[in-house]
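Heads up, the thing below is written out as structure tokens.
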Amino acid sequence: MTSKFRYFLGATTAVMIGLSAVAGHADAANLRMAWAQDATGLDPHKQTAFSSLRLLELIYEPLVRLDADLKIIPGIATSWEFAADGKQLTFKLDPKAKFQNGAAVTSADVKASFERILDEKTGAANRANYLSIETIEAPDAGTVVFKLKQPDAPILTAMTDTNSSIVPASEIAAGTIGTKAIGSGPFKLEKWDPNSKAALVANKDWAGGATGVDGIEISVLPDETAILAAMRTGQVDFALLNDPLIATLVPNEPKLQLNRAPLLAYHVLQLNPARKPMNELAVRQAISCAVDRKAVLDTASLGEGQVTGPITAPFFASDPNSLFCYKQDIDKAKKLMADAGFADGFSATVIAATGEPPTAAAEAQVLQSQLAEIGVKLDIKMMELNVYVDTWLKGDFDMAVALNGGRPDPYTMYNRYWTKNGNLQKVSNFADDTLDKLLQDGRAETDPEKRKAIFAEFDKQLAEKAPWIWLYTGYGYTAQQKNVQGFVPMPTGSLVSLGKVTIQ
Amino acid sequence: MSYVIRRLRAFPLVLIGVSIIVFIAIRLVPGDSITAMLGTEAGLLTPQQRDSLAVYFGIDQPWPVQYWRWFTGLFSGDLGISVTYGKPVLSVILERFPLTLELALLAMLIALSIGVPAGVFAATRNERPADLGVRIAAMIGQSTPSFVVGLVIIYILSAGFGVLPTMGAFTPFWQDPLQNLGQMILPAITLGCAFASSVTRVTRSAMLDVLSDDYVRTARSKGASERSVIWRHALPNALVPVVTLSGIEFGYLLGGAVIVEQIYALPGLGRMVLEAILQRDYALVQGAVLFIALNFMIVNLLVDLAYAALDPRIRLEGR
Chain W
1 MTSKFRYFLG
11 ATTAVMIGLS
21 AVAGHADAAN
31 LRMAWAQDAT
41 GLDPHKQTAF
51 SSLRLLELIY
61 EPLVRLDADL
71 KIIPGIATSW
81 EFAADGKQLT
91 FKLDPKAKFQ
101 NGAAVTSADV
111 KASFERILDE
121 KTGAANRANY
131 LSIETIEAPD
141 AGTVVFKLKQ
151 PDAPILTAMT
161 DTNSSIVPAS
171 EIAAGTIGTK
181 AIGSGPFKLE
191 KWDPNSKAAL
201 VANKDWAGGA
211 TGVDGIEISV
221 LPDETAILAA
231 MRTGQVDFAL
241 LNDPLIATLV
251 PNEPKLQLNR
261 APLLAYHVLQ
271 LNPARKPMNE
281 LAVRQAISCA
291 VDRKAVLDTA
301 SLGEGQVTGP
311 ITAPFFASDP
321 NSLFCYKQDI
331 DKAKKLMADA
341 GFADGFSATV
351 IAATGEPPTA
361 AAEAQVLQSQ
371 LAEIGVKLDI
381 KMMELNVYVD
391 TWLKGDFDMA
401 VALNGGRPDP
411 YTMYNRYWTK
421 NGNLQKVSNF
431 ADDTLDKLLQ
441 DGRAETDPEK
451 RKAIFAEFDK
461 QLAEKAPWIW
471 LYTGYGYTAQ
481 QKNVQGFVPM
491 PTGSLVSLGK
501 VTIQ
Chain H
1 MSYVIRRLRA
11 FPLVLIGVSI
21 IVFIAIRLVP
31 GDSITAMLGT
41 EAGLLTPQQR
51 DSLAVYFGID
61 QPWPVQYWRW
71 FTGLFSGDLG
81 ISVTYGKPVL
91 SVILERFPLT
101 LELALLAMLI
111 ALSIGVPAGV
121 FAATRNERPA
131 DLGVRIAAMI
141 GQSTPSFVVG
151 LVIIYILSAG
161 FGVLPTMGAF
171 TPFWQDPLQN
181 LGQMILPAIT
191 LGCAFASSVT
201 RVTRSAMLDV
211 LSDDYVRTAR
221 SKGASERSVI
231 WRHALPNALV
241 PVVTLSGIEF
251 GYLLGGAVIV
261 EQIYALPGLG
271 RMVLEAILQR
281 DYALVQGAVL
291 FIALNFMIVN
301 LLVDLAYAAL
311 DPRIRLEGR
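First to last, the protein sequences are chains W and H. Residues in the first sequence are numbered consecutively from 1, following full-length UniProt numbering. Residues in the second sequence are numbered consecutively from 1, following full-length UniProt numbering.
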């Protein structure tokens, strides 16, 4: 009986799997995509999670966008101009831009969208980037004028963010943002079953022209090993991967291609300069000298990335080798420790989030062994992501292993931590006149080369003062079948070029 | 009958207790819906922004007020709105439940159809090589975690044979039975195999006990065939512990099989609860745990009733 049953089971399994695999190949003009983490909501002004932005950027569009070199290119706006005094920013809108409900995108929608972001009742985190806006004017349907309280060069880069997307004024009035997804982007959201699947169809009216596929079917496959397996069998055309351990397996598959983009987000060991003994400059510098950044990268992330200084945007970034103690120097570290009166070292706790990033635990362990060489005993405390975030926001840690988001503009990226009234002062716990002044200068300056010089000095100072130990930037990974063409990996991790992707 | 009524009367009290514990536990964990949605960006919010998001998520009121609001809603069948799904909690749960129920039933079916015969087989060959073989197999099955079994199955199928069941979206049985079973059979085997091992072990030891009982000797001496002694006389009595074990396991499975759902990307209750906890979707966690607790209690009651049916010596009524 048992053996008969086993035959039955074996045979039915084989037949069913065969059938369901065949059924999967139905529509070739649809891109079948998979990711491990789904969006957590549809309100483009509220949802800031990486996974949410990847869905929302296919549906909504901001005024301006970034290209793969982080240059600002047209989005809903075709052109833009700062006034000579830097206190006025004028946009001309694309007359072809249309919302997915058929209505044209007008200056009234832009004004309403930014007013919604600025309204504290909305709870948009991005509001912090727009505090210099005094008024928003819409002299005609195709023109928007932002009047600023002070010159603010980085505001334009902030506007490239999906969290600054333009939504219909009518939907804001109806209170349906977040329940209905109506944007002006390449795809329309047809169906969304959170944590399971989403269906996008091509937006025929997209101002950017025809899309390369008729639609995108997204499956949420929480285990990245399963994503790789599904790609191996041709069930999935395109996938987003987070874990370098999985991503590096992709090139072994003959039919698959791995796309890598160096990301702006940075892996960092945050020290808490408000706590002893990290309040001592020499101690922080000793830690910086004791860390072998390349070894952290090689061990925790299989060498997948680049050692980085504080600023990660290629245009502004300094050569890491020019920064303070970027070559491991244990003798110097020991001397600095002794100078500070900690020749015997000290004990501290380092917090890290479980699985976020996937390399967090490994990074903490490598740092633990490296710092042991100068007598610093680290106690690693792994936390569930949300618990970690809560602890992190309260600044309640000695040290923290973190993967922090990067921005194309150093001011937008760092004013929250290193200006005196930055929103995340409580997390960085480090106020410094020089850093504050450099950031303010960088904000007001509009000449790119002068800004570059200002931020190079900022980079150097920050590395030397070592409130944090910057480690490396990793890659954003996508994997695809080789017959998928036209995808452009972006340093922001954006999937926006899926609008032009075709399947051969 | 009065036994059933007595048991049913205890349900509301247990459920209230469960709901209070869950309500408090999920709120005691650091982090809230706001940090879950925004991550570290939550640090950019002004106090007013934070307050309006708290109103949006329904976490602005003191705990007792929040609980009372939720509790009174229960009487009109309103378990609240899930903030992640933007839908009533009950409808989210009921969408996920068919998959979980089917997976639990299939896994039980597989486990029992392997485990019970294997246990009987081993018991009747006590301490002989065949018995030892079954026991070793059961030991291996029980100690291999399901994520290992699952990942190995997926790897072998995809790398070795280039096939894999459709993953991600779930097709209900009534829409397309073949597609449905194609999706469900591997997860069910993964779950079923681990459980089959425990069933085998329990069946074996219960059978050994029963086979040494007087009435079995009587049956044999009456000249009953070995086949009839084992399957008709001994097995029904040996099944009591198997039913207990299966009942508890089935109750657990109705709460979702998180790991297997995760590996095979099945949108079942287990993953839903996990995501809801990570997202601090309070209403969904509360509703789902209540639903799972109710299922567990119903299954438990059915198990107790099954005892009486299997073994007339067990009386439920009390004196």
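For glycine and all other residues, C-beta sits at the position ideal for the given N, C-alpha and C.
Go to residue i, then tell me how far its beta strand (DSSP E) extends in each direction, as first and last residue.
i                      : result
residue 197 of chain W : 197-202
residue 386 of chain W : Not the beta strand (DSSP E): residue 386 of chain W falls in the alpha helix (DSSP H), residues 385-393.
residue 476 of chain W : 468-481
residue 78 of chain H  : No beta strand (DSSP E) contains residue 78 of chain H, which DSSP labels as neither H nor E.
residue 509 of chain W : Residue 509 of chain W lies beyond the stretch modelled for chain W, which goes from 1 to 504, so this question has no answer here.
Using DSSP with H/G/I as helix, E/B as strand and the rest coil, what is residue i?
i                      : result
residue 538 of chain W : Nothing about residue 538 of chain W can be read from this structure; chain W reaches only from 1 to 504.
residue 69 of chain H  : helix
residue 24 of chain W  : Residue placement at residue 24 of chain W cannot be trusted, given a pLDDT of 42 that sits under 50; what the coordinates show is reported in the next sentence. Residue 24 of chain W: coil per DSSP, three-state reduction.
residue 339 of chain W : helix
residue 433 of chain W : helix
residue 261 of chain W : strand
residue 174 of chain H : coil
residue 39 of chain H  : helix
residue 525 of chain W : Lying before the first or after the last residue shown, residue 525 of chain W is absent from chain W, which here runs from 1 to 504.
residue 304 of chain W : coil
residue 17 of chain H  : helix
residue 402 of chain W : strand
residue 51 of chain H  : helix
residue 133 of chain W : strand
residue 454 of chain W : helix
State yes or no: is the C-beta of residue i within less than 9 Å of the C-beta of residue j?
i                      : j                      : result
residue 123 of chain W : residue 50 of chain H  : yes
residue 495 of chain W : residue 240 of chain W : yes
residue 26 of chain H  : residue 285 of chain H : yes
residue 305 of chain W : residue 262 of chain W : yes
residue 270 of chain W : residue 366 of chain W : no
residue 336 of chain W : residue 282 of chain W : yes
residue 148 of chain W : residue 88 of chain W  : yes
residue 316 of chain W : residue 98 of chain W  : no
residue 125 of chain W : residue 239 of chain H : no
residue 246 of chain W : residue 224 of chain W : yes
Under 9 Å between beta-carbons, which chain W residues line up against residue i? List them in chain order, please.
i                      : result
residue 142 of chain H : Going along chain W, no residue has its Cβ under 9 Å from residue 142 of chain H, so there is no contact; the nearest lies around 18 Å.
I need the boundaries of the alpha helix (DSSP H) containing residue i, first residue and last residue.
i                      : result
residue 171 of chain W : 169-174
residue 203 of chain H : 177-211
residue 155 of chain H : 146-155
residue 252 of chain H : 235-254
residue 220 of chain H : 214-221
residue 272 of chain H : 269-278
residue 192 of chain W : Unbroken run through residue 192 of chain W is the beta strand (DSSP E), 187-193; no alpha helix (DSSP H).
residue 296 of chain H : 282-310
Is any non-hydrogen atom of the ligand SAH found closer than 8 Å to the C-beta of residue i, if you look at the structure I gave you?
i                      : result
residue 149 of chain H : Looking at this structure, you won't find the ligand SAH or any other ligand, since it has none at all.
Taking Cβ-Cβ distances shorter than 8 Å, what residues in chain W pair up with residue i?
i                      : result
residue 37 of chain H  : 40, 41, 46, 47, 48, 49
residue 159 of chain H : 229, 232
Output, in chain order, the set of chain H residues within a Cβ distance shorter than 9 Å of residue i.
i                      : result
residue 35 of chain W  : The premise fails here: residue 35 of chain W is roughly 10 Å from chain H at the closest Cβ pair, so nothing lies under 9 Å.
residue 179 of chain W : 86
residue 424 of chain W : 40, 43, 44
What residues of chain H sit near residue i, judged by a beta carbon separation below 7 Å?
i                      : result
residue 152 of chain W : Residues of chain H passing the Cβ test: none, with the nearest at roughly 16 Å.
residue 197 of chain W : 168, 169
residue 120 of chain W : 46, 48, 49, 52
Output, in chain order, the set of chain H residues within a Cβ distance shorter than 8 Å of residue i.
i                      : result
residue 393 of chain W : 35, 40, 42, 43
residue 549 of chain W : In the structure displayed, chain W extends from 1 to 504; residue 549 of chain W sits before or after that span and is not available.
residue 219 of chain W : 167, 168, 169, 265
residue 215 of chain W : Near residue 215 of chain W there are no residues of chain H at all, since even the closest Cβ is about 14 Å away, more than 8 Å.
In chain W, what lies closer than 7 Å to residue i by C-beta?
i                      : result
residue 151 of chain H : 225
residue 263 of chain H : 223, 226
residue 9 of chain H   : Those within 7 Å of residue 9 of chain H in chain W number zero; the least Cβ separation is about 37 Å.
residue 127 of chain H : Within chain W, no residue comes near residue 127 of chain H; the closest Cβ sits about 21 Å away, beyond 7 Å.
Since I believe residue j is in contact with residue i (beta carbons under 8 Å), could you give me their beta-carbon distance rounded to a whole number of angstroms?
i                      : j                      : result
residue 72 of chain W  : residue 189 of chain W : About 26 Å; that fails the 8 Å criterion.
residue 120 of chain W : residue 46 of chain H  : 6 Å
residue 195 of chain H : residue 102 of chain H : About 16 Å separates the two Cβ atoms, so there is no contact after all.
residue 442 of chain W : residue 430 of chain W : So it is not a contact: roughly 18 Å between Cβ atoms.
Of all the CB atoms in chain A, is at least one closer than 9 Å to the CB of residue i?
i                      : result
residue 230 of chain H : Going by chain labels, chain A is absent from the structure shown, which instead holds the protein chains W and H.
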